[in-house]
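Colleague: Can you read through this structure? Questions will come right after.
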DNA sequence: CCGCGGAGTGTTTTT
DNA sequence: CACTCCGCGG
């Protein structure tokens, strides 16, 4: 048996061994936070606490997965520990108790579905053609979502973040109300509803709250600075009876303010649990000192000061972090690809290297370069596999099979049929829901009048849905039937259908891992698969594959060698953040998160020639890097690919 | 009432 | 550039 005490420093051991009572852990980057949670779980189990009574919650799927799999590797009993994202936890509780809050069942809307539902509300209310400059459906969705996540009114959200739409405040509020009504009528839950309804369940049904709370005797929440007030309330409601709750966070790494996260939750926690023990983890086990010097210098430049200074506890080898300048994004991509290969050859394999960026599009030149050279990579974050139109088309068919009254999915698949547009689809859906005899929806559809041109396709759709509704048919078989129907549509609708077909092949593989269609659909919305950089191949994580990731998705992870792309104004900080101090601060913290991912080698890069459209402008180096103390800790390199005649690389 | 083509717009991070 | 939205022809 391992003696944790020898593997942990006194502060870490203190956290691991304090099992009862509330604990607030302030953990700096690389301070062994994940390890502490892992060992605390193991310690609880060895103290004969029931694994099923332990609950681990986080905000991101990735962190949740990491946390659970680590503990399992050490002790199989940890498999029975409960955990996941707040959203998936809410789903499992609500699914079990839906009737108690007045729902027989519910269907989860993803972002796209929610936007479509909102667009339908806008139309119903007749605001569609009211005027120009009316917020579009994705903006409306963001406003409504922000209001829920930040517990603000629509007007407050508009005032704070969308002053240009203040003139429409009455209409936006009306849309929000209509959207809420629509969701209740149809039994739809969007992401926020999962949290809101869990909170309602825990607030308004005291016996049930006690029953649920009693199941989870030890609660731990990771990345607490990224929780919003709803999530903090849920944590409180679950934990208040026994107060055996540990939350871990780092206010310097708070990067989800845009979706309502409040690092103030850290302060509120101490108020709600007054007896709480506050413990700090400050020693950094990840990075060598020269990397930490850069991170500390970046931290010191922030308006809002943090008291932490990271001190390296180890003596890792490494070299001085570098800032490399290029002319174009393509030069940048080529140089980095060279470096990656060079490190790989010298003993830092691809899976110990990562390229990080603010926004996915920044990585496109590099992706092209890597493809060209045959360097395998995975992309985390950004446009998701499951959000692409062809995947959604296919999944919508499956949704209709499971729930023929899923209006949004039904509308989507009807409109794939030639000469069926919004009107005809709307009429068909109305006839299904208005059917007095409550016949099977497929039977109603098959008999409903449709334009002559669509009759044949309509018949084959009905036949298909009927056929694959057979519970005895395996999921892969269903998929294959569906593909026979969908392939002509795919070819007609997309120029790049060959590439998309290989995505669907990947979907087939995923489906093969499930027995029940509704399990697959719930996972697909709440814990969707990531897209692999190499089409049609999924990577397990242990393989020698390079990681490309948004900084957001890289949180909590570490690599020997880290490259951060696009350190230019407009990308980092991103241009939309420029008019708000709090947003710029968040961008600043984002850079801090990125820097602290590196263990041994760190490269920052920038290119000064604007590759976008529009008037030719020159990029300026990011204000976060362009500061004396930060530059002093970086070795600057000007790439050889640069033209000798450019005298003023950066504008301004 | 569908669907095409052109104009216009805004561009991010996650569940 | 890529996507959405609008207006017009079929």
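Numbering (this note's numbering), first residue to last: 2 to 653.
Just so you know, even glycine gets a beta-carbon here, dropped at the ideal spot from N, CA and C.
Keep in mind that this is a model prediction, so the values were computed, not measured.
Got a sec, what are the start and stop residues for the alpha helix (DSSP H) residue 297 sits in?
Modeller: As a position in the first chain, residue 297 is number 296, starting the count at 1. Taken as a continuous stretch (DSSP letters only), the alpha helix (DSSP H) holding residue 297 covers 290-301.
Colleague: Who are the Cβ neighbours of residue 283 in its own chain at under 6 Å, not counting the five residues just before and after it?
Modeller: Indexing the first chain from 1 puts residue 283 at position 282. Correct list, in chain order: 29.
Colleague: By how many angstroms is the C-alpha of residue 390 removed from the C-alpha of residue 500?
Modeller: Here the question's residue 500 lines up with position 499 in the first chain. Here the question's residue 390 lines up with position 389 in the first chain. When rounded, the distance between both Cα atoms is 13 Å.
Colleague: Can you tell me whether residue 537 is buried or exposed? The criterion is at least 16 other CB atoms within 10 Å of its CB, across all chains shown.
Modeller: The residue labelled residue 537 in the question sits at position 536 within the first chain. Here residue 537 scores only 36 on pLDDT, less than 50, and its place in the model is too uncertain to base an answer on.
Colleague: Using three-state DSSP, classify residue 81 as helix, strand or coil.
Modeller: Taking the first residue of the first chain as position 1, residue 81 is located at position 80. Residue state, collapsed to three classes: helix.
Colleague: Secondary structure at residue 416, three-state DSSP: helix, strand or coil?
Modeller: Counting from 1 along the first chain, the entry for residue 416 is found at position 415. Residue state, collapsed to three classes: coil.
Colleague: Would residue 164 be called buried (16 or more neighbouring beta carbons within 10 Å of its own) or exposed?
Modeller: As a working note, residue 164 is residue 163 in the first chain. By the 10 Å Cβ count, residue 164 comes out exposed.
Colleague: Report the residue from 454, 455, 431 whose alpha carbon sits nearest the alpha carbon of residue 445.
Modeller: If you number the first chain from 1, residue 445 lands on position 444. Taking only the C-alpha atoms, the option nearest residue 445 is 431.
Colleague: What would DSSP say about residue 463, mapped onto helix, strand or coil?
Modeller: Looking up residue 463 in the first chain gives position 462. If DSSP states are grouped into helix, strand and coil, residue 463 belongs with the helices.
Colleague: Please confirm whether residue 469 and residue 479 have their CB atoms less than 8 Å apart.
Modeller: Indexing the first chain from 1 puts residue 469 at position 468. Indexing the first chain from 1 puts residue 479 at position 478. It is a contact, given that the beta carbons lie within the stated cut-off.
Colleague: With a Cβ-Cβ cutoff of 8 Å, do residue 222 and residue 19 count as a contact?
Modeller: As a first step, residue 222 must be located in the first chain, where it is residue number 221. As a first step, residue 19 must be located in the first chain, where it is residue number 18. No. Outside cutoff.
Colleague: CA-CA distance, residue 69 and residue 81?
Modeller: Looking up residue 69 in the first chain gives position 68. Looking up residue 81 in the first chain gives position 80. If I take the Cα positions, the gap works out to 10 Å.
Colleague: According to DSSP, simplified to helix, strand and coil, what is residue 534?
Modeller: On the first chain, position 533 is the one that residue 534 refers to. Residue placement at residue 534 cannot be trusted, given a pLDDT of 43 that sits under 50; the coordinates are not used to answer.
Colleague: Could you tell me the alpha carbon to alpha carbon distance between residue 176 and residue 124, rounded to whole angstroms?
Modeller: Position 175 of the first chain holds residue 176. Position 123 of the first chain holds residue 124. Residue 176 and residue 124: Cα-Cα distance of roughly 10 Å.
Colleague: Given that a residue counts as buried once 16 or more other Cβ atoms are within 10 Å of its Cβ, and exposed if not, what is residue 423?
Modeller: Your numbering for residue 423 matches position 422 in the first chain. So residue 423 ends up on the exposed side.
Colleague: How big is the Cα-Cα spacing for residue 514 and residue 477?
Modeller: Translated into the one-based positions of the first chain, residue 514 becomes position 513. Translated into the one-based positions of the first chain, residue 477 becomes position 476. Straight-line Cα distance between these residues: approximately 9 Å.
Colleague: Have a look at residue 264 and residue 225 and give me their C-alpha separation to the nearest angstrom.
Modeller: Within the first chain, numbered from 1, the residue matching residue 264 stands at position 263. Within the first chain, numbered from 1, the residue matching residue 225 stands at position 224. Between residue 264 and residue 225, the C-alpha separation is close to 8 Å.
Colleague: Roughly how many angstroms lie between the CA atoms of residue 267 and residue 250, to the nearest whole one?
Modeller: Counting from one through the first chain, the residue named residue 267 turns up at place 266. Counting from one through the first chain, the residue named residue 250 turns up at place 249. Going from the Cα of residue 267 to the Cα of residue 250 covers about 7 Å.
Colleague: Could you pull the DSSP bridge partners for residue 363 from this structure?
Modeller: Translated into the one-based positions of the first chain, residue 363 becomes position 362. Beta-bridge pairing links residue 363 to no other residue.
Colleague: Could you have a look at residue 285 and say whether DSSP puts it in helix, strand or coil?
Modeller: As a working note, residue 285 is residue 284 in the first chain. If DSSP states are grouped into helix, strand and coil, residue 285 belongs with the strands.
Colleague: Classify residue 564 as helix, strand or coil using the three-state DSSP reduction.
Modeller: For the purposes of this step, residue 564 is taken as the residue at position 563 of the first chain. Here residue 564 sits in strand by DSSP.
Colleague: If we count the other Cβ atoms within 10 Å of its Cβ and call it buried at 16 or more, is residue 31 buried or exposed?
Modeller: On the first chain, residue 31 is found 30 positions in, with the first residue counted as 1. Its Cβ being crowded by 16 or more others within 10 Å, residue 31 is buried.
Colleague: Bridge partners of residue 219, per DSSP?
Modeller: For the purposes of this step, residue 219 is taken as residue 218 along the first chain, with counting starting at 1. Note: residue 219 sits in a beta bridge opposite 55.
Colleague: If you check the beta carbons only, do residue 572 and residue 360 fall under 8 Å apart?
Modeller: Counting from 1 along the first chain, the entry for residue 572 is found at position 571. Counting from 1 along the first chain, the entry for residue 360 is found at position 359. Yes, these two residues count as a Cβ contact at 8 Å.
Colleague: Where does residue 556 fall in DSSP's three states?
Modeller: Position 555 of the first chain, counted from the start, is the residue given in the question as residue 556. Correct three-state label for residue 556: coil.
Colleague: Just verifying my parser: in three-state terms, what is the DSSP assignment at residue 323?
Modeller: For this step, residue 323 is matched to residue 322 along the first chain. DSSP places residue 323 in strand when its eight states are reduced to three.
Colleague: May I have the straight-line CA-CA distance separating residue 126 from residue 428, to the nearest angstrom?
Modeller: Along the first chain, read from residue 1 onward, the residue named residue 126 stands at position 125. Along the first chain, read from residue 1 onward, the residue named residue 428 stands at position 427. Between residue 126 and residue 428, the C-alpha separation is close to 17 Å.
Colleague: Below 8 Å, how does it come out for the region 109-116 and the region 131-147: are there three or more Cβ pairs, yes or no?
Modeller: Touching, per the Cβ criterion.
Colleague: Run through DSSP, which three-state label would residue 578 get?
Modeller: As a first step, residue 578 must be located in the first chain, where it is residue number 577. DSSP places residue 578 in helix when its eight states are reduced to three.
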